[in-house]
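Our numbering puts the first residue of the sequence shown at 832, with every later residue one more than the last.
C-beta: ideal position from N, C-alpha, C; glycine also.
In this text the structure is predicted, and so the values were computed from the model without any measurement.
Beneath this line is the structure, given in structure tokens, with notes to follow.
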Amino acid sequence: MALEKLQQARYLLLLVSNQPGISLGAITESALHRQYLCLAAALRRQHIQLRGFYYCPHHPAGSGEYACYCMCRKPLPGMLLRAAMEWGIDLRQSWMIGDILDDVEAGNKAKCKTILLNQGNETEWLKGRYRTPGHIGDNWKDIARIICP
Ligand SMILES: [Zn+2]
Numbered sequence: 832m833a834l835e836k837l838q839q840a841r842y843l844l845l846l847v848s849n850q851p852g853i854s855l856g857a858i859t860e861s862a863l864h865r866q867y868l869c870l871a872a873a874l875r876r877q878h879i880q881l882r883g884f885y886y887c888p889h890h891p892a893g894s895g896e897y898a899c900y901c902m903c904r905k906p907l908p909g910m911l912l913r914a915a916m917e918w919g920i921d922l923r924q925s926w927m928i929g930d931i932l933d934d935v936e937a938g939n940k941a942k943c944k945t946i947l948l949n950q951g952n953e954t955e956w957l958k959g960r961y962r963t964p965g966h967i968g969d970n971w972k973d974i975a976r977i978i979c980p
């Protein structure tokens, strides 16, 4: 499996996700944590260790404490910078893999190598200085081949 291959190549696997539904009242943080624990458990059964989960709960149109412009919501690189600090990661030696160009932009802004996992989720294709992926893959097998040729 692709993630196993990356793990064997000694990459730390971290999940980085915008979760505006928290600010917008569509999901609670505890429900989000339960989803993450389910995902991590499912991966663990396949011997894959997801090491961390970073999420942005903010949205400017939300309500409560999370209604704001923040530095963590992708396409800004805040979550990647925080993960790098907490894990002692060299971002230039890291890969940001995402299925939309906001992910690519966050990765490029953090100076990661970037891959767009092109599965039809990007629909706008807005151009911009940081929005060109280093690589494009159609599936995780492609991604493993790009990172560990
Ligand atoms: Zn945020």
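Discussion item. At a cut-off of 8 Å, would you count Lys906 as near ligand 1, judging by its Cβ distance to the nearest heavy atom?
Written reply: The residue labelled residue 906 in the question sits at position 75 within the sequence shown. The displayed chain sequence assigns Pro, not Lys, to residue 906. For Pro906, the shortest separation between its Cβ and any heavy atom of ligand 1 does not lie below 8 Å.
Discussion item. Strictly by DSSP, which residues pair up with Lys944?
Written reply: Indexing the sequence shown from 1 puts residue 944 at position 113. In the DSSP output, where bridge partners are listed per residue, Lys944 has Trp926.
Discussion item. Between which residues of its own chain and Pro906 is the CB-CB distance below 6 Å, once the five residues before and five after are set aside?
Written reply: If you number the sequence shown from 1, residue 906 lands on position 75. Here the set comprises Asp933, Glu936 and Ala937.
Item to complete: Throw me the rounded Cβ distance for the Gly883 and Ala833 pair, which I believe falls under 8 Å.
Response: What you label residue 883 is simply residue 52 of the sequence shown in a count that begins at 1. What you label residue 833 is simply residue 2 of the sequence shown in a count that begins at 1. No, Gly883 and Ala833 are not in contact; Cβ-Cβ is about 19 Å, not under 8 Å.
Worksheet entry | Gly909 Cβ short of 8 Å to ligand 1 heavy atom set | Working through the sequence shown from its first residue, we reach residue 909 at position 78. Answer for Gly909: yes, Cβ within range of ligand 1.
Worksheet item: When burial is assigned at 16 or more other CB atoms within 10 Å of the CB, is Gly909 buried or exposed?
Response: As a working note, residue 909 is residue 78 in the sequence shown. Gly909 is classed as buried because its beta carbon has at least 16 other beta carbons within 10 Å across all chains shown.
Worksheet item: Straight-line CA distance for Cys943 to Ala873?
Response: Counting from 1 along the sequence shown, the entry for residue 943 is found at position 112. Counting from 1 along the sequence shown, the entry for residue 873 is found at position 42. Distance between the alpha carbons of Cys943 and Ala873 is about 27 Å.
Practice prompt. Drop a sphere of 10 angstroms on the beta-carbon of Cys868, count the other beta-carbons inside from all chains shown, and report buried for 16 or more, exposed for fewer.
Written response: As a working note, residue 868 is residue 37 in the sequence shown. With the sequence shown as reference, residue 868 is identified as Leu, and Cys is not the correct amino acid for it. The C-beta of Leu868 has fewer than 16 other C-beta atoms within 10 Å across all chains shown, which makes the residue exposed.
Item to complete: Provide the residue span of the alpha helix (DSSP H) that contains Leu957, from first to last.
Response: If you number the sequence shown from 1, residue 957 lands on position 126. Note, Leu957: premise wrong, no alpha helix (DSSP H); not H, not E.
Worksheet item: Any heavy atom of ligand 1 closer than 8 Å to the CB of Met902?
Response: Numbered from its first residue, the sequence shown carries residue 902 at position 71. Yes, Cβ of Met902 sits closer than 8 Å to a heavy atom of ligand 1.
Worksheet item: If you measure from the CB of His864, is any heavy atom of ligand 1 nearer than 8 Å?
Response: Sequence index remark: in the sequence shown, residue 864 carries index 33 (1-based). Incorrect: His864 has no Cβ contact closer than 8 Å to ligand 1.
Worksheet entry | C-alpha distance - Leu881 paired with Arg865, whole-angstrom precision | The residue labelled residue 881 in the question sits at position 50 within the sequence shown. The residue labelled residue 865 in the question sits at position 34 within the sequence shown. Going from the Cα of Leu881 to the Cα of Arg865 covers about 14 Å.
Worksheet entry | As assigned by DSSP and simplified to three states, the class of Leu837 | Within the sequence shown, residue 837 is the residue found at index 6, counting from 1. It is helical.
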